[in-house]
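Notes follow the structure.
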């Protein structure tokens, strides 16, 4: 079945690292994505990883992929107040569509 | 490029009314999709299109119609609005296949 699971909430202190986790079900997914949604806005692509990779780093963002466990994570280093948002992971399901998780609301505490 | 544009940004309907949510993109993308976003449920695919003249159903198509007469436009029609269709609707487009998907700013729809 098509299922992407995320925890709904994460709270971290400013300056700490945030780790947002996601599990997916389709082992044939070609790409896995992380999107960011700020209040009242659409979804903005943050980063993506090919299924044949284990890790991808892009400035403060690190994506880890464990294909055996079908587990994807997004680490945000030195979390800032501007990182407050909802983060969605998504997997490709065939060539036609993306399947999204429920989204994780990241809250930054001063 | 304007990217993906959606109109209106906000809409309130009464039960039984019909309306069309507009979506346009100027990136010459073949793939376009409509999603609805509800609290705690992420984004669910309503309908999608892989090119002009071609549409197909997504996960939650009931109560919605689409058409794709041009590459640029992909309107979503609610034939007889119901309170269960209260949601935020996002249109998205991408060049093809697993390419990066670009989202519009969304339409917030309330059905009373």
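Chains as they are written, first to last, in this note's numbering: chain A, 1 to 110; chain B, 1001 to 1112. Backbone N, C-alpha and C define an ideal beta-carbon position, used for all residues, glycine too.
Proximity below 9 Å, CB of residue i to CB of residue j
{"i": "residue 1092 of chain B", "j": "residue 1013 of chain B", "result": "no"}
{"i": "residue 1085 of chain B", "j": "residue 1109 of chain B", "result": "yes"}
{"i": "residue 61 of chain A", "j": "residue 53 of chain A", "result": "no"}
{"i": "residue 74 of chain A", "j": "residue 47 of chain A", "result": "yes"}
{"i": "residue 106 of chain A", "j": "residue 29 of chain A", "result": "no"}
{"i": "residue 1058 of chain B", "j": "residue 1087 of chain B", "result": "no"}
{"i": "residue 7 of chain A", "j": "residue 83 of chain A", "result": "no"}
{"i": "residue 1050 of chain B", "j": "residue 1031 of chain B", "result": "yes"}
{"i": "residue 1107 of chain B", "j": "residue 1008 of chain B", "result": "yes"}
Helix, strand or coil at residue i according to DSSP, with G and I counted as helix
{"i": "residue 81 of chain A", "result": "helix"}
{"i": "residue 102 of chain A", "result": "coil"}
{"i": "residue 1022 of chain B", "result": "strand"}
{"i": "residue 1011 of chain B", "result": "strand"}
Cβ-based neighbour list, residue i, same chain, cut-off 6 Å, excluding 5 preceding and 5 following
{"i": "residue 1024 of chain B", "result": "1005, 1072 and 1073"}
{"i": "residue 14 of chain A", "result": "108 and 110"}
{"i": "residue 71 of chain A", "result": "23"}
Residue closest to residue i, alpha-carbon to alpha-carbon, out of the options
{"i": "residue 100 of chain A", "options": "B:1029, B:1003 and B:1043", "result": "B:1043"}
{"i": "residue 1029 of chain B", "options": "B:1016, B:1015, B:1095 and B:1008", "result": "B:1095"}
{"i": "residue 59 of chain A", "options": "A:76, A:80 and A:98", "result": "A:76"}
{"i": "residue 98 of chain A", "options": "A:80, A:51 and A:32", "result": "A:32"}
{"i": "residue 1079 of chain B", "options": "B:1015, B:1003 and B:1102", "result": "B:1015"}
{"i": "residue 20 of chain A", "options": "A:40, A:51, A:63 and A:49", "result": "A:63"}
Straight-line Cα distance separating residue j from residue i
{"i": "residue 1076 of chain B", "j": "residue 78 of chain A", "result": "41 Å"}
{"i": "residue 1018 of chain B", "j": "residue 90 of chain A", "result": "31 Å"}
{"i": "residue 1037 of chain B", "j": "residue 27 of chain A", "result": "25 Å"}
{"i": "residue 1052 of chain B", "j": "residue 1069 of chain B", "result": "6 Å"}
{"i": "residue 86 of chain A", "j": "residue 1054 of chain B", "result": "32 Å"}
{"i": "residue 35 of chain A", "j": "residue 88 of chain A", "result": "5 Å"}
{"i": "residue 1090 of chain B", "j": "residue 1062 of chain B", "result": "17 Å"}
{"i": "residue 25 of chain A", "j": "residue 1035 of chain B", "result": "20 Å"}
{"i": "residue 81 of chain A", "j": "residue 9 of chain A", "result": "16 Å"}
{"i": "residue 1047 of chain B", "j": "residue 1003 of chain B", "result": "20 Å"}
{"i": "residue 56 of chain A", "j": "residue 4 of chain A", "result": "20 Å"}
Own chain partners of residue i with C-beta closer than 8 Å, once the 5 adjacent residues on each side are dropped
{"i": "residue 1001 of chain B", "result": "1026 and 1027"}
{"i": "residue 37 of chain A", "result": "43, 44, 85, 86, 87, 88 and 103"}
Legend entry - Residues within the stretch 1087-1108 of chain B neighbouring chain D, beta-carbon criterion of under 7 Å: No chain D is present in this structure, whose protein chains are A and B.
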